[in-house]
Each structure stands twice: as structure tokens, then as C-alpha cells.
Amino acid sequence: MKVTEHIKSAKSTLFTIEILPPKKGENIDTLFSHIDSLMEFQPAFIDVTYHREEYVYKEMGRGMLKKLITRKRPGTVGICAAIQSRYNVDTVPHVICGGFSKEDTENMLIDLDFLGIHNVLILRGDPVKSEPGFSPHPEGHCYASDLIEQVSNMNKGIYLDDELLQAYPTHFCIGAAGYPEKHFESPNLETDFLYLKKKVEAGAEFIVTQMFFNNQVYFQFVEKCREFGINVPIIPGLKPLSTLKHLTLLPQFFHLDIPDALAREVAKCKDNTQAKEVGIEWCVQQCKELIEYGVPVLHFYTMSKSELVRKVAEQVF
Ligand code: FAD
947 MKVTEHIKSA KSTLFTIEIL PPKKGENIDT LFSHIDSLME FQPAFIDVTY HREEYVYKEM
1007 GRGMLKKLIT RKRPGTVGIC AAIQSRYNVD TVPHVICGGF SKEDTENMLI DLDFLGIHNV
1067 LILRGDPVKS EPGFSPHPEG HCYASDLIEQ VSNMNKGIYL DDELLQAYPT HFCIGAAGYP
1127 EKHFESPNLE TDFLYLKKKV EAGAEFIVTQ MFFNNQVYFQ FVEKCREFGI NVPIIPGLKP
1187 LSTLKHLTLL PQFFHLDIPD ALAREVAKCK DNTQAKEVGI EWCVQQCKEL IEYGVPVLHF
1247 YTMSKSELVR KVAEQVF
């Protein structure tokens, strides 16, 4: 089923999760065991992230280093297919611009369609870790909106090769990312809304937000989206804070604010066990308020670990 159909037919707030593919060299069993422990909350769909290639340097002896390119977390498409077959739960693979030509993307989308995976979350993708900013593949897309347009075209039977007449139209339900606290590269929130609207006009049917710890920023984001004519469902992304270091790491990596009240509570904690308890309690309260507001879905960033999300879900669902 498509994400939008799940939302339309839901009788109460849906529980959904995002997972990461295991690191290259690890098997899939650990990931399955974490999903197993969240299955009692009946996830409506499971997102699987996509990780672009990275540069690594290999010692060649005599002080020589060789620059190699590797993908440390491959397997997104395979994991999506494996989850659908093992749990009979819909999956949402993330599809990114970074590192892919348009042709690579078209072929990946064909694989997804053949596997019966009909939801995608379309993203520009993070920059290569060792590079200061995002640079697109020479034959690829610069922005998520351009990639969304490619998928929308395939949904109309328009493939890259214009000689492919009467090509099969795919049926992807397309999602896009939204940033309640602004995408860090955007000059301001207004500009960010214009580009978000562009993604919806290109074919995005739902939005998943970056994590946030202050529900007010989500409420204002939704209000502003509606003012801008962005009327698709906006799924809030949530993550329980779980270590003392998260106080500085989360703002650094995800460009968000930790509310003062939460920061003060965490600062009082003696260790990560206490910080985890504070983080879980904060997340539970966030969820309860979001449900009351009427959000369609609560989407949890699990980082492929089930313990924290399970503790939150037990008190919310
Ligand atoms: P875009 O929508 O393309 O926006 C990028 C920037 O460009 C923004 O500042 C925007 O305002 C600006 N912009 C957009 N369109 C235009 C235009 N036409 N002209 C000029 N400027 C424009 N990263 C991964 O690598 N893999 C993942 O699996 C992944 N999953 C994610 C899931 C969620 C829910 C979220 C919120 C983020 C995820 N990310 C992932 C991170 C994401 O790739 C980065 O935040 C990235 O920097 C932006 O992606 P985007 O799709 O929002 O980009």
C-alpha cells in the first residue's frame, strides 16, 4: 500500500520507523532482531536510508596512500525487499541524487518497481563526508525537486530515452524531506518553503520532517506550509535524545535547537542512563501532544536500535 493510502485509511495515529542498512561486513540478523522487537506496534511502513559513497585512504607501504571509494552501508534496495517479504510491511527506500546519474536512478526505480516497492522518499542526499558541500554527479540531479520530477515522469510512462514509446508507467508514491527549523544551506525559512513547494509541485505526496524537540516549531511549520499552499500530509520525525553528548551533537549534525527546558534537564544528569530517561520522557510528552494535535503518523528515527523507540512506543501506542 502507498504511504498516502495508509494515512487515508488510518483509524488512529500510525507508528512508523526509519532504519539504516547494516555496515558492510555485518549481517542482517541484528537489524531484524531490532525490527522484531518493534513489530508489536504494527509499523505501517519502514523507511530505509541510502548512504552515498565515501573516500577512504589505504596504506600502500613506503608512505604511499591510495584513495579508494567505497559505500559503507550498501543494501537499501535488498533490505526493503527483505522486510516486505519477511514482515509483510511496506517499505520506503530513500533515493538520493548524490553519486547517481539519472540513468542509475532510473534503473534503481525499475528494480524497486519489479520488487513491488511502490513508495520512495526522494532526497538530495548528504555531501560526501570528506567534502565541504554537496556536488552532484555530472549526469545527475542537483536538487531533490529535479529527482522528484524524474520519478513523476516515470509515473507517466516518460523514461529518459525519448524513443521508448508507450513505456510502462510506474506507480510510485513520492515523499520529500522538510525542515521545521530550516535546511542549513537555505538563506532563510521563506526560501526554504518555496523550494519545499517546488518539491510538492513536482510530485511529492507527503513530507517527512527532520527531527525536532520542540513541538511548537512543527506546529508553526505545518501552519506556514498551509499558508504557502503545501497541503500534503506532514509526518513528524522524532528521536529520543539518549546521551549527554547529544546536547551538542544533535544541533551540530542536524541543525536544530534543543529547547531550554530539555537542555537544563539533561545538564542535571550524571550519566547517559539518566540522560536516556530524560530523553524518553521528553519524547513521550512530545508524542502525546502531537497525537492530540492530530498528526497522521509518528515517525521514529531508530538509528537501527529498537530499545529507546520501544520504550517510547510502549507509553504512546
Ligand atoms: P533539497 O530539497 O534539494 O534542498 C537542499 C538545499 O537546496 C536546501 O537548502 C534548499 O532550500 C535548496 N534548494 C532546493 N531546491 C533548490 C533550487 N531549485 N534552487 C536553489 N536551491 C534549492 N541523506 C542521505 O544521504 N540519505 C538518506 O537516506 C537521508 N534521509 C533523510 C531523511 C529525512 C526525513 C531527512 C529530513 C533528511 C535525510 N537525509 C538523508 C539528509 C538530506 O539528504 C540532507 O538534509 C540534504 O542536505 C538535503 O536534502 P533535501 O532532499 O532536503 O534537499
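If you want the working numbering, it's the 1-based position in the sequence shown plus 946.
By construction, the Cβ of each residue, glycine as well, lies at the ideal position given by its N, Cα and C atoms.
No experiment lies behind these values; they were computed from the predicted model shown.
request  = Return yes when at least one heavy atom of the ligand FAD lies under 8 Å from the C-beta of Thr-1116, else no.
outcome  = Here residue 1116 refers to the residue found at position 170 of the sequence shown. Outside the cutoff, so no.
Cβ shell of Leu-1193 (< 8 Å), same chain only, five flanking positions each side left out = For this step, residue 1193 is matched to residue 247 along the sequence shown. Result list for Leu-1193: Leu-1187, Ile-1204, Ala-1209, Val-1212, Ala-1213, in chain order.
task = Taking 8 Å as the threshold, find out whether the segment 1073–1091 comes into contact with the segment 1106–1121 through three or more Cβ pairs.
result = no
message = Mapping the DSSP letters down to three states, classify Lys-1048 as helix, strand or coil.
response = Taking the first residue of the sequence shown as 1, we reach residue 1048 at position 102. In the structure shown, Lys-1048 sits in a helix (DSSP, three-state: H, G or I).
ask   = Ends of the alpha helix (DSSP H) at Cys-1088?
value = For the purposes of this step, residue 1088 is taken as the residue at position 142 of the sequence shown. Run containing Cys-1088: none; DSSP gives neither H nor E here.
Presumed contact (8 Å Cβ cut-off) between Phe-991 and Phe-1263, rounded CB distance = Taking the first residue of the sequence shown as position 1, residue 991 is located at position 45. Taking the first residue of the sequence shown as position 1, residue 1263 is located at position 317. About 15 Å separates the two Cβ atoms, so there is no contact after all.
query = To the nearest angstrom, how far is it from the Cα of Leu-1106 to the Cα of Phe-1174?
reply = Reading the sequence shown from its first residue, position 160 is the one you call residue 1106. Reading the sequence shown from its first residue, position 228 is the one you call residue 1174. The straight-line gap from Cα to Cα measures roughly 31 Å.
query = What is the C-beta distance between Lys-1004 and Lys-1012, in whole angstroms, given that I count them as a contact (C-beta under 8 Å)?
reply = What you label residue 1004 is simply residue 58 of the sequence shown in a count that begins at 1. What you label residue 1012 is simply residue 66 of the sequence shown in a count that begins at 1. That pair is a contact at about 5 Å.
ask   = What span of residues does the alpha helix (DSSP H) with Asp-982 cover, start to end?
value = Along the sequence shown, read from residue 1 onward, the residue named residue 982 stands at position 36. From DSSP, the alpha helix (DSSP H) with Asp-982 extends over 975–982.
request  = Name the residue from Leu-1069, Leu-1236, Lys-1191, Gly-1024 whose alpha carbon lies nearest to the alpha carbon of Gln-1166.
outcome  = As a first step, residue 1166 must be located in the sequence shown, where it is residue number 220. The option with the nearest alpha carbon to Gln-1166 is Leu-1236.
ask   = Beta-carbon separation of Gly-1121 and Val-1035 under 9 Å?
value = On the sequence shown, residue 1121 is found 175 positions in, with the first residue counted as 1. On the sequence shown, residue 1035 is found 89 positions in, with the first residue counted as 1. For Gly-1121 and Val-1035, no; Cβs fall outside 9 Å.
query = Which residues in the same chain as Ile-1226 place their Cβ atom closer than 7 Å to its Cβ, once the five residues preceding and following it in sequence are excluded?
reply = As a first step, residue 1226 is located in the sequence shown; it is residue number 280 there, counting from the start. So the qualifying residues of the chain are Pro-1186, Leu-1254, Lys-1257, Val-1258.
inquiry  = Determine whether the beta carbon atoms of Gln-1231 and Phe-1200 lie at a separation below 9 Å.
reply    = The residue you call residue 1231 lines up with position 285 of the sequence shown. The residue you call residue 1200 lines up with position 254 of the sequence shown. Going by C-beta atoms, Gln-1231 is not nearer than 9 Å to Phe-1200.
ask   = Which of the three DSSP states, helix, strand or coil, is assigned to Cys-1215?
value = Taking the sequence shown and counting its residues from 1, one reaches residue 1215 at position 269. Note: Cys-1215 maps to coil in three-state DSSP.
ask   = With distances taken between CB atoms, is the gap from Val-1163 to Pro-1126 smaller than 9 Å?
value = Counting from one through the sequence shown, the residue named residue 1163 turns up at place 217. Counting from one through the sequence shown, the residue named residue 1126 turns up at place 180. Cβ atoms of Val-1163 and Pro-1126: closer than 9 Å.
query = Quick one: what's Lys-1013 bridged to in DSSP?
reply = On the sequence shown, residue 1013 is found 67 positions in, with the first residue counted as 1. Answer by DSSP bridge pairing, in chain order: Tyr-1003.
query = Any heavy atom of the ligand FAD within a distance shorter than 8 Å of the CB on Glu-1131?
reply = Translated into the one-based positions of the sequence shown, residue 1131 becomes position 185. Under cutoff, so the answer is yes.
query = Quick one: is Pro-967 buried, meaning 16 or more other Cβ sit within 10 Å of its Cβ, or exposed?
reply = Taking the sequence shown and counting its residues from 1, the one referred to as residue 967 is at position 21. Burial call: buried.
key: Classification of Ala-1150 by the beta-carbon crowding that lies within 10 angstroms, buried from 16 upward   = For the purposes of this step, residue 1150 is taken as the residue at position 204 of the sequence shown. Result: buried.
task = Flag this pair as yes or no: are the beta carbons of Thr-962 and Val-1168 separated by less than 9 Å?
result = Here residue 962 is taken as the residue at index 16 of the sequence shown, counted from 1. Here residue 1168 is taken as the residue at index 222 of the sequence shown, counted from 1. Not closer than 9 Å, so no.
request  = Look at the alpha carbon of Pro-1182 and the alpha carbon of His-1245, and state the distance between them as a whole number of angstroms.
outcome  = One-based indexing of the sequence shown puts residue 1182 at position 236. One-based indexing of the sequence shown puts residue 1245 at position 299. C-alpha separation (whole angstroms): 6 Å.
request  = Using DSSP bridges, identify the partner residues of Met-985.
outcome  = Walking along the sequence shown from the start, residue 985 turns up at place 39. The partner list for Met-985 (beta bridge, DSSP) is empty, contrary to what the question assumes.
ask   = Is the segment 992–1003 touching the segment 1014–1034 in the sense that three or more CB pairs, one from each, lie closer than 8 Å?
value = yes
request  = Kindly examine the ligand FAD and report whether one of its heavy atoms sits closer than 8 Å to the Cβ of Thr-995.
outcome  = Against the sequence shown, residue 995 aligns to sequence position 49. Under cutoff, so the answer is yes.
query = Hey, is Phe-1263's beta-carbon within less than 9 Å of any beta-carbon in chain C?
reply = Note that chain C does not occur in the displayed structure, where there is just one protein chain.
inquiry  = Considering only the alpha carbon of each residue, which of Met-1100, Leu-1140, Phe-1046 lies closest to Lys-1128?
reply    = Walking along the sequence shown from the start, residue 1128 turns up at place 182. For the residues Met-1100, Leu-1140, Phe-1046, the minimum Cα distance to Lys-1128 belongs to Leu-1140.
Same chain, Cβ closer than 8 Å to Glu-999, five either side skipped, listed in chain order = The residue labelled residue 999 in the question sits at position 53 within the sequence shown. Excluding positions up to five away in sequence, the list reads Ile-1015, Thr-1016, Arg-1017, Gly-1045, Val-1074.
request  = Ignore the nearest five residues each way along the sequence and tell me which others in Glu-1095's own chain have a CB closer than 6 Å to its CB.
outcome  = Translated into the one-based positions of the sequence shown, residue 1095 becomes position 149. Result list for Glu-1095: Ala-1148, in chain order.
message = For Thr-1219 and His-980, which I take to be in contact (beta-carbon distance under 8 Å), what is that distance rounded to the nearest angstrom?
response = Your numbering for residue 1219 matches position 273 in the sequence shown. Your numbering for residue 980 matches position 34 in the sequence shown. Going by Cβ atoms, the distance from Thr-1219 to His-980 rounds to 20 Å, so no, they are not a contact pair.
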